[in-house]
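**Student:** Handing you a structure now.
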Amino acid sequence: MGKSLTQKILEDHLIVGKYESGNEIGIKIDQTLTHDATGTMAYLQLEAMGGDRVKTEHSVNFIDHNTLQIGFENADDHRYLQTITAKYGVDLSRAGNGICHQVHLERFGIPGTTLLGADSHSPSGGGIGQIAIGAGGLDVALAMAGEPFYLICPDVVKINLKGKLKPWVSAKDVVLKVLEIFSTRGNVACIFEYGGPGVSALSVPERATITNMGAECGVTTSIFPSDYQTRKFLIAQGREQDWVELNADSSAEYQKVMNLDISEIEPMIATPHSPDNVKKVKDMTGLVVDQVCIGSCTNSSFRDLMIVAEILKGKAVHPKVSCVLAPGSRQVLSMIAINGALAKLIKAGVRLQESTCGFCIGNGQSPASAAVSLRTSNRNYKGRSGTLNAQIYLVSPETAAAAVITGKITDPRDLGIKFPTIRLPKKFFIDDSMIIKPPKDRSSVRVVIGPNIGEIIKNEQMPEELKATVAIKVGDKITTDHIIPGGARMKYRSNIPEYSKYLFETIDPNFYERAKKTKEENHSNVIVGGISYGQGSSREHAALCPMFMGVKAVIAKSFERIHADNLINFGILPLTFNNESDYDKVGQGDQLEIHDIKNLIMKGEFLKVKDVTKGFEFEVTYKLSERQKMIVLAGGTLNLVTGK
Ligand code: MIC
Ligand code: SF4
5 MGKSLTQKIL EDHLIVGKYE SGNEIGIKID QTLTHDATGT MAYLQLEAMG
55 GDRVKTEHSV NFIDHNTLQI GFENADDHRY LQTITAKYGV DLSRAGNGIC
105 HQVHLERFGI PGTTLLGADS HSPSGGGIGQ IAIGAGGLDV ALAMAGEPFY
155 LICPDVVKIN LKGKLKPWVS AKDVVLKVLE IFSTRGNVAC IFEYGGPGVS
205 ALSVPERATI TNMGAECGVT TSIFPSDYQT RKFLIAQGRE QDWVELNADS
255 SAEYQKVMNL DISEIEPMIA TPHSPDNVKK VKDMTGLVVD QVCIGSCTNS
305 SFRDLMIVAE ILKGKAVHPK VSCVLAPGSR QVLSMIAING ALAKLIKAGV
355 RLQESTCGFC IGNGQSPASA AVSLRTSNRN YKGRSGTLNA QIYLVSPETA
405 AAAVITGKIT DPRDLGIKFP TIRLPKKFFI DDSMIIKPPK DRSSVRVVIG
455 PNIGEIIKNE QMPEELKATV AIKVGDKITT DHIIPGGARM KYRSNIPEYS
505 KYLFETIDPN FYERAKKTKE ENHSNVIVGG ISYGQGSSRE HAALCPMFMG
555 VKAVIAKSFE RIHADNLINF GILPLTFNNE SDYDKVGQGD QLEIHDIKNL
605 IMKGEFLKVK DVTKGFEFEV TYKLSERQKM IVLAGGTLNL VTGK
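If you want it as structure tokens, here you go:
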């Protein structure tokens, strides 16, 4: 039997375990990516592990999330990151150089290699034929220390593309279609492998848009073959030597094959408040729009911004719309500045943001109360924009540009203008001067730690008997943005006691005080959740901050991969209801008891949870490998690797 591309690359990197769907395997990581929101913790953890340099082939840290610098905190973090990366032999992409995924794709991604990124959209690298996976910062720190990365050997789903995109339909519409089909849940431990005749017309940045938003489906990653399009892109980036042809075998078998004729796709839109609430744009036309935000790591390639510039050429931003543009990278920004497209955008009345995450994570550009905001980014969770009652819609650059002109949701095919043809330059603008390489002699580097940067916090061992209070009971599809918000709160990423004050802020602002009280009474906390708990970002703070507040277990109907791994890494038990109807019976504030934890977990038996308040008992289960059992019982990975 032939092999899928996924299998080929994973087997090539296999260190632990056997390539067999469902097994835990450990793979060698070639490249890592961190940024200023996840990097500080990751490097503090790396320091705690000892060693004096990273063991990967290439590690890069990007300053791209926290660049607003209101107060000293972000700048302190940047200074720490600049010095710690120099000390450990890591490249640093300075603030202003662009968003990690876009810059990594342009300058560093290599087909056939593995990339582990402390960011959930690291799968953007799949656009260039990399196995690029998002993980918590601690897992990335371990990879930098030369440890394997552990994952469940995936089910590979082939998405067989045929046909050619119609005018006014682009890669974003394809991935929104994929989200409509697969939804945001139920895809844990799967990899989407794209193939088929429809692949060849898609450029690398278009492929990266598709693999980027695969993260919203909850898959481990998504990948495209490395073909002549990949070679063309790498030549344009002056990196032809990095190209290698990679394909699945024609006889490869997949766990599932899904055929998608992309010529049938129409402009699509994800409606509030989930990326899988997908509709056709034509069914939503006429809704008045207050804001349009263009950019983010999903849609801010040269092609994406050029199409917007061409649509807006000679036109004006609608008087009732605020339109902001965040170019994905300094490379893209320079190119549209040099060729005059930027001038067209500015003339039309577009507001320019830095080449950073910005609006996408609510770091600026929060919409007005109850406003409708159309965005080319990848997540429209409630509150993520910084305005709790804003209505966020996710669209392609074409649909975004149409609304900029008309002031309402408009099918771009109805604009009545000729579809602009965008030619990609043979050579992109290359200037790596904002990437700081570590010095040859790293021994004299002094690491600067400002007052915002706290100590790393470790957990206690898992107790034999757990007596805990249900500190909060939440519903289905709780994202890590709900657990611990981004935006204005992100400046506390390096300060766990301070950041913890904002846990569940958008759902229940009293959570912190309640959990604090329980903790002060020397009692543990438990979180109860519904389906797909921990969707979205890779931020380990969604585990780290609850750990700090004395949370020892999360009992949910199901978990998303990165978050479950993060919980385990910080010594919190991810438990699932054996019988989902028990979810309805447990209430917030209930006192729970779990006995004989260590013994039962080592034996792989169900745990029994006694709800003392309601007077009933229910069973919970868990998916833990032998390795993960050791970690969670030890109170987390750091206790194991640094010895506690
Ligand atoms: C996001 O898009 O939610 C983020 C901010 O990029 C996160 C990373 C973080 O929270 O630090 C992600 O996607 O992992
Ligand atoms: Fe940045 Fe948004 Fe991409 Fe996350 S999804 S990396 S916040 S641009």
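Quick note, the sequence shown lines up with residues 5 to 648 if you use this note's numbering.
Beta carbons: idealized from backbone N, C-alpha and C, even for Gly.
1) Can Gly-100 and Glu-358 be called in contact, C-beta distance under 8 Å?
2) Taking just the CA atoms, how far does Met-494 sit from Thr-641?
3) Within 10 angstroms of the Cβ of Arg-417, are there 16 or more other Cβ atoms? Answer buried if so, exposed if not.
4) At which residue ranges does the stretch 203-267 contain complete beta strand (DSSP E) runs of 3 or more residues, listed in the order of the chain?
5) Taking one C-beta from the stretch 239-251 and one from the stretch 150-170 each time, how about it: are there three or more such pairs within less than 8 Å?
6) Specify the secondary structure class of Cys-297 as computed by DSSP and reduced to three states.
7) Can you list the residues near ligand 1, meaning Cβ strictly closer than 5 Å to any non-hydrogen atom, in the order they appear in the chain?
8) Is it buried or exposed, Asn-367, if we count other Cβ atoms within 10 angstroms and call 16 or more buried?
9) May I ask whether a heavy atom of ligand 2 can be found less than 7 Å away from the beta carbon of Ser-300?
10) Write down every uninterrupted run of the alpha helix (DSSP H) in the stretch 511-568 whose length is 4 residues or greater and which is fully enclosed by it, in chain order.
11) What are the start and end residues of the alpha helix (DSSP H) that includes Met-606?
12) Straight-line CA distance for Val-636 to Arg-565?
13) Am I right that Ala-475 and Phe-515 are in contact with their C-beta atoms under 8 Å? What's the rounded C-beta distance?
14) Is Ser-381 near ligand 2, in the sense that its beta carbon is under 7 Å from a heavy atom of that ligand?
15) Starting from Pro-501 and walking both ways along the alpha helix (DSSP H), at which residues does that stretch end?
16) Within a Cβ cutoff of 8 Å, which residues of the same chain sit near Leu-183, ignoring the five residues on either side of it in sequence?
17) Note down, in chain order, each residue of its chain lying with its Cβ closer than 6 Å to the Cβ of Ala-345, except the 5 sequence neighbours on either side.
18) So the candidates are Glu-468, Val-532 and Leu-155; which of them puts its Cα closest to the Cα of Ile-487?
19) Is Cys-194 near ligand 2, in the sense that its beta carbon is under 7 Å from a heavy atom of that ligand?
20) For the beta strand (DSSP E) containing Ile-132, name the first residue and the last one.
21) Which same chain residues end up closer than 6 Å to Leu-579 when comparing Cβ atoms and leaving out the 5 residues on each side of it in sequence?
22) With a Cβ-Cβ cutoff of 8 Å, do Ile-598 and Leu-470 count as a contact?
23) Once DSSP output is grouped into helix, strand and coil, what is the label at Pro-578?
24) Taking its Cβ as the centre, do 16 or more other Cβ atoms sit within 10 Å of Gln-35, making it buried, or is it exposed?
25) For His-62, is the beta carbon positioned less than 7 Å from some heavy atom of ligand 2?
26) Please state whether the Cβ-Cβ distance between Asp-246 and Val-376 is less than 8 Å.
27) Relative to the alpha-carbon of Arg-57, which residue among Pro-152, Lys-91 and Thr-71 has its alpha-carbon at the smallest distance?
28) Let me check one thing: in DSSP terms, what residues is Phe-196 bridge-paired to?
29) Looking at C-alpha atoms only, which residue of Thr-89, Tyr-84, His-17 and Lys-12 is the closest neighbour of Lys-444?
30) If you check the beta carbons only, do Phe-574 and Asn-393 fall under 8 Å apart?
31) I'd like the ranges of any beta strand (DSSP E) spanning at least 3 consecutive residues and lying wholly in the stretch 371-406.
32) For Met-148, does the three-state DSSP call read helix, strand or coil?
33) Is any non-hydrogen atom of ligand 2 found closer than 7 Å to the C-beta of Cys-327, if you look at the structure I gave you?
34) How many Å lie between Glu-197 and Lys-32 at the Cα?
35) Check whether the stretch 113-125 touches the stretch 73-87, taking contact to mean three or more Cβ pairs, one atom from each stretch, closer than 8 Å.
36) Using the Cα positions of Gln-650 and Glu-110, report the straight-line distance between them to the nearest angstrom.
**Tutor:** On the basis of the data shown:
1) yes
2) Near 24 Å, if we compare the C-alpha coordinates of Met-494 and Thr-641.
3) buried
4) 225-227 and 260-265
5) no
6) Assigned with DSSP and collapsed to three states, Cys-297 falls in strand.
7) Counting every residue whose Cβ lies closer than 5 Å to a heavy atom of ligand 1, we get Ala-41, Thr-42, Asp-123, Ser-124, Ile-365, Ser-541, Ser-542 and Arg-543.
8) buried
9) Indeed, a heavy atom of ligand 2 lies less than 7 Å from the Cβ.
10) 515-524 and 545-552
11) Per DSSP, Met-606 belongs to the alpha helix (DSSP H) from 601-607.
12) 16 Å
13) 7 Å
14) yes
15) 500-503
16) Excluding sequence neighbours, Leu-183 sits near Met-217, Glu-220, Cys-221, Ala-274, Pro-279, Asp-280 and Val-282.
17) Met-310 and Ala-313
18) Val-532
19) no
20) Ile-132 -> no beta strand (DSSP E), and no H or E assigned at all.
21) Ala-557, Ile-559, Val-624 and Tyr-626
22) yes
23) strand
24) buried
25) no
26) At least 8 Å separates the beta-carbon of Asp-246 from that of Val-376.
27) Closest by alpha carbon: Lys-91.
28) In the DSSP output, where bridge partners are listed per residue, Phe-196 has Val-161 and Ser-226.
29) Thr-89
30) no
31) 376-379 and 395-398
32) helix
33) no
34) Each residue's alpha carbon lies about 20 Å from the other.
35) Touching, no.
36) Given a span of 5 to 648 for the chain in the structure shown, any question on residue 650 remains unanswerable.
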